[in-house]
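Start counting the sequence shown at 51; every next residue gets the next number (the numbering used here). For reference, the structure discussed in these notes is given below.
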Amino acid sequence: MRAELSDLRDEAREILEDVTRVLLTPADWQEVEASLTAMIKALDRGDHETFRRELYHVEDLIPLERAPRALSGATGTTEPVLERTAVLVERIGVEDTAAEQAEEQNEQ
51 MRAELSDLRD
61 EAREILEDVT
71 RVLLTPADWQ
81 EVEASLTAMI
91 KALDRGDHET
101 FRRELYHVED
111 LIPLERAPRA
121 LSGATGTTEP
131 VLERTAVLVE
141 RIGVEDTAAE
151 QAEEQNEQ
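Written out as structure tokens, the structure reads:
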């Protein structure tokens, strides 16, 4: 289970990085924002399944780099999305550090 969460964190970092570089319609940005908010709440509750589901929803909303979509009215990342992305990246890093510290204590 531990390795699975570590893989999910790595994947989350990649997807969150991609979110800051794409162009989406305002409606898609609202969906991304709602999913990021749900991801933050899921982390607060320790609900990894909801976190995973919302992460993959965000991934589905962003265009693939190898086949970009031409979107009418597309704009860059919104301020609320940038803020939530930063919170998630920080929280994921904090969880990694806490997990590493717990492992070190168990080894001693």
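For each residue, glycine too, the CB sits at the ideal point set by N, CA and C. Source: prediction; values computed, not measured.
Quick check on Thr70: does DSSP put it in helix, strand or coil?
coil
Residue environment, Glu67, which counts as buried when at least 16 other CB atoms sit within 10 Å
exposed
C-beta atoms of Ala84 and Thr100 nearer than 8 Å:
no
Indicate whether the contact test is met: 3 or more Cβ pairs, each with one atom in the segment 100-110 and one in the segment 127-136, closer than 8 Å.
no
Glu61 versus Val108, Val144, Thr127, residue with shortest Cα-Cα distance:
Val108
Just reading off the alpha helix (DSSP H) that Ile90 is part of, what are its end residues?
76-95
Identity of the residues DSSP links to Thr125 by a beta bridge
Leu74
Ile112 by DSSP, collapsed to three states: which one?
coil
Excluding sequence positions up to five away, which residues of its chain have a Cβ less than 7 Å from the Cβ of Leu73?
Leu121, Ala124, Thr125, Gly126
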